[in-house]
Amino acid sequence: MTATQQIPLDSVVPERPEPGRKSRPRPRRALTRYGSWWWAMPALLAVLGVHYVATTIGGAYAFTDFKGIGSFEWIGFDNFTRIVGDKKVFGSIGNTLFLAIAFLIITNVVGMILALGLNRGVRSRYILRTLLFLPVVLSPLAVSYIFRFIFQVNGPLNAVLGGLGLTDWQHAWLADPTWAIFTILAVMVWQNIGMAMIIYLAGLATVPLEIEEAAAIDGAGPWARFRNITLPLLQPAVAISTTLTLTQGLKVFDQVQGMTGGGPYGATDTLSTVIYRQTFANGQFGYGAALSLVFTVIVVIAAAAQLFLTRDRNAGK
Amino acid sequence: MSQHSRTLRRGIKPAAIALLAASAVVLAGCSSTPAAAPTQNTDTKEFTLYAPVTESGESPYKALADAFMKANPDYKVTLDEAGGDSYGQGLTTKLQAGNAADVFEVQPGRGQLYSILTLAEGGYLLPLDDTDAKTTIPTGAEGQFTVDDKVYGQSLDFATAGLVANLALMQKDGIAEFPTTYDELIKDCGIAKDKGHSFFVIAASVVPNAGFFSLVFSGDTVYGPTPDWNEQREADKVTFADDKGWQEALGRFTELQDAGCFQESPEAGTFDTITNALVGETSYAGAIPSGAAFGLGGANPNANFVVEPFPAPKASDTIISASVNYALAINAKSPNQVAAKKFLEYATSSEGATVYPSVSGNLPAVGADFTKLPPQFAGVATLLQDGKTYPLPNSSWDSAEVYNALGTGVQGLFTKQATVKDVLEAMDAAW
């Protein structure tokens with residue numbers, strides 16, 4: 071971190087001319103510095119206009135009774151009061167948190183195991199890595215529709231189970247209040263496990279082989295080497311992967327909408343699907359905007375908590 | 246603190262204020278009503294038509310547009326189609342943004358996002374009083390097309406909402422006729438089950454079909470005895486939860502399920518399930534739009550699909566929903582209203598009025614002779630002649646949310662996650 075040199079600001083900022091003194095032309099470096107701020111203006115304005123102004127306007131709708139068309143009235147906090155009394159919203163928050171946490175844990179644990187297994191040694195590791203990563207590049211909605219077919223009552227999965235004589239295991243997977251959410255979780259994990267694996271493979275590439283070898287010579291077993299050497303050195307990769315999977319899990323929409331639409335009777339509803347349905351199917355834009363604000367707060371809190379827990383505790387020491 | 250940081254900090258506060266101010270101005274602009282009528286291009290002979298895509302078979306909108314252009318070779322209609330799921334949202338977004346098509350499909354009443362009354366009250370539709378639109382509205386349905394005595398929609402066809410049944414399959418299983426009472430229906434469910442079939446196929450995981458089934462059930466229990474039930478609900482004189490008719494209607498799902506009337510795992514049924522079961526001859530009947538009887542017949546020549554009413558406990562109480570499903574409206578901001586009106590005039594002419602229903606499989610909006618119906622409608626001809634009909638109930642409901650609560654609730658009835666009381670209370674809450 072010593073490669074970059076801090077340049078004292080006073081050395082580049084021109085002195086203000088004293089009163090009465092004839093001002094001199096500004097030094098070229100100072101002009102460049104001021105110019106650099108303005109050069110960023112087009113991009114800044116684009117970000118402001120597309121992101122922040124749009125988000126602020128969207129947030130403001132939370133205090134209206136806008137139906138998606140026509141005029142609207144300002145109704146204060148009525149939409150938020152409605153949220154507090156809406157049992158289905160609380161059910162969807164529970165489902166969202168369940169999916170997010172389960173998705174985070176399973177995807178990262180299995181992704182890390184796959185990365186460790188395919189890091190070195192296995193001759194076909196490059197082919198296996200490619201095969202495991204392939205689902206990541208597919209459209210989540212397309213994948214959801216394919217799995218909806220697979221999980222249908224008369225679909226291939228039940229046919230295979232029936233063929234194996236496991237008729238008791240056959241279910242209406244996507245319409246069973248108990249199994250539906252686990253079915254969605256399985257599809258989420260299947261499609262995203264490759265991403266976690268790639269992140270951990272990148273992290274493992276930075277772990278020096280010599281340290282592991284030295285530990286092995288000193289008598290450390292595989293678990294001890296992983297616990298005390300590999301995992302601490304993978305800390306940045308863990309932080310990145312868990313952050314991505316947590317936010318992805320909290321935002322899950324495609325898989326739920328594509329496979330169950332939130333059913334049966336709300337058993338797989340997440341906040342995203344409730345927001346979508348209220349906003350676009352029911353035309354309750356104001357209520358949908360209020361739900362979106364609540365959702366944003368939940369995502370921010372969860373992401374901050376997750377970043378705090380996975381922070382590098384040795385940083386700065 | 247560096248000067249650079251100070252410069253940025255000094256800029257943040259005004260920028261935040263400007264951001265909020267800009268947002269408020271934009272939002273205030275959004276809350277305004279549509280602008281005044283645009284300048285008309287009286288010479289233009291081109292316009293756009295926006296409609297939902299037809300899932301299978303020929304699009305009746307394309308047929309109508311093609312017929313119009315054939316009759317008027319100097320006119321050009323550009324058909325813009327959207328998926329059925331996103332059509333309503335797409336239309337309202339375009340109307341709000343001011344770039345909607347000149348002519349588009351709407352639904353009578355108020356029950357959907359793109360219903361006539363909702364859009365007309367927002368100022369998005371052009372009054373059609375100087376056209377023949379009024380003549381296309383069936384008697385008794387004027388309220389679903391009119392705001393402040395001005396007509397805003399033109400009917401396209403007249404559809405019955407009952408059951409579509411494969412009579413040939415039933416007869417093969419030894420059931421000579423479609424049941425005329427509820428008890429006969431329960432008995433026939435047993436026969437179907439013994440033959441390895443199911444009497445009904447339902448897509449209970451899909452709101453539109455689960456809701457549609459419920460509306461069919463509610464004919465003899467709610468809208469037959471109390472034709473003005475929706476008006477009473479609007480006036481808060483009745484509620485779904487306390488109404489015996491609605492309780493009986495939704496209770497039929499459990500009764501029929503217990504009698505083995507539905508296919509295996511009805512809660513998992515989708516639209517594909519219906520098509521496969523009816524065309525593949527594993528189920529006798531489904532609650533689907535009557536026009537489907539023609540489309541399904543084409544897919545299986547051995548089948549004999551007919552339109553039938555849901556049998557009431559007493560045959561004399563049987564009633565069928567019959568009303569206008571779809572209509573056309575003109576964008577109030579359209580610069581091509583002259584050409585658009587000519588299109589609507591063609592759709593009501595003797596030549597054009599039969600084009601849309603001949604493709605959709607329904608009856609003409611006006612002037613249908615119920616004594617000379619196609620053979621598929623034989624089972625409901627007497628009901629139509631006697632006027633034993635009721636309009637599709639949800640077109641008069643307060644919002645789309647009520648119908649969604651009904652549709653999702655039916656799946657809950659099958660999975661035992663909800664009771665009839667739960668579903669009806671959810672509908673009241675959504676009203």
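These protein sequence lines are chains A and B, in that order.
Numbering-wise, the working numbering comes out as the position in the first sequence, counting from 1, plus 70.
Numbering-wise, the working numbering comes out as the position in the second sequence, counting from 1, plus 245.
Using N, Cα and C, we set each Cβ at its ideal position, and we do this for glycine too.
Here the structure is a predicted model, which means the values were calculated and not measured.
Using a CB distance cut-off of 8 Å, S644(B) counts as an interface residue toward chain A.
Interface residue (Cβ-Cβ distance to chain B less than 8 Å): G356(A) is not classified as such.
In the structure shown, W144(A) falls within a strand segment according to DSSP collapsed to helix, strand and coil. A284(A) sits in a helix when the DSSP states are folded into three classes. Contiguous alpha helix (DSSP H) elements confined to the segment 471-531 of chain B occur at 474-479, 489-503, 516-524, taking only those with 4 or more residues.
A residue is called buried once 16 or more other Cβ atoms fall within 10 Å of its Cβ, and G435(B), having fewer, is exposed.
DSSP, reduced to helix, strand and coil, places N547(B) outside both helices and strands of the structure shown, so it counts as coil. Here A116(A) is exposed, its C-beta having fewer than 16 other C-beta atoms within 10 Å. Runs of the alpha helix (DSSP H) lying entirely within the segment 232-290 of chain A and spanning at least 4 residues, in chain order: 250-274, 279-287. Inter-residue distance for K432(B) and T363(B) is about 44 Å (C-alpha atoms, whole angstroms). Residues of the same chain with a CB within less than 8 Å of the CB of P383(B), apart from the 5 flanking positions on each side, are S400, F403, S568, V569, A610, V611 in chain order.
When DSSP assignments are scanned along the segment 413-456 of chain B, the uninterrupted stretches of beta strand (DSSP E) that are 3 or more residues long and fall wholly within it turn out to be 443-445. Between the C-alpha atoms of G542(B) and A437(B) there is a straight-line separation of about 21 Å.
Beta bridge pairing from DSSP links P638(B) with no other residue. Under the DSSP assignment, Y295(B) falls outside any alpha helix (DSSP H), being part of the beta strand (DSSP E) whose first and last residues are 291-297. The three-state secondary structure of V348(B), taken from DSSP, is strand.
Each of L301(A), R195(A), I254(A), T237(A) was checked against the Cα of F219(A), and the nearest Cα belongs to I254(A). When only Cα atoms are considered, Y346(A) and R297(A) end up about 43 Å apart. Taking every protein chain shown into account, the CB of I197(A) has fewer than 16 other CB atoms within 10 angstroms, so this residue is exposed. Below 8 Å, too few C-beta pairs join the segment 417-433 of chain B and the segment 474-484 of chain B to call them touching: fewer than three. For S162(A), the enclosing alpha helix (DSSP H) covers residues 157-187. Assignment of alpha helix (DSSP H) within the segment 533-588 of chain B, counting only whole runs of 4 or more residues, yields 537-544 in chain order. Taken atom to atom, the span from the alpha-carbon of A266(A) to that of L304(A) is near 12 Å. Under the three-state reduction of DSSP, N411(B) is assigned to strand. Using a CB distance cut-off of 8 Å, L363(A) does not count as an interface residue toward chain B. The Cβ atoms of Y648(B) and S566(B) do not sit closer than 8 Å to each other. With a threshold of 8 Å between beta carbons, A113(A) makes no contact with chain B. In the DSSP annotation of this structure, the continuous segment of the beta strand (DSSP E) that includes F403(B) starts and ends at 402-406. Three or more beta-carbon pairs drawn from the segment 593-611 of chain B and the segment 374-389 of chain B are found closer than 8 Å, and the two stretches are therefore classed as touching. Under the three-state reduction of DSSP, K321(B) is assigned to strand.
Rounded to the nearest angstrom, the gap between the Cα atoms of L294(B) and A245(A) is 38 Å. For V322(A), the secondary structure class from DSSP, reduced to helix, strand or coil, is coil. Taking 7 Å as the cut-off between beta carbons, the residues of the segment 507-539 of chain B near chain A are E509, S510, E512, A513, in sequence order.
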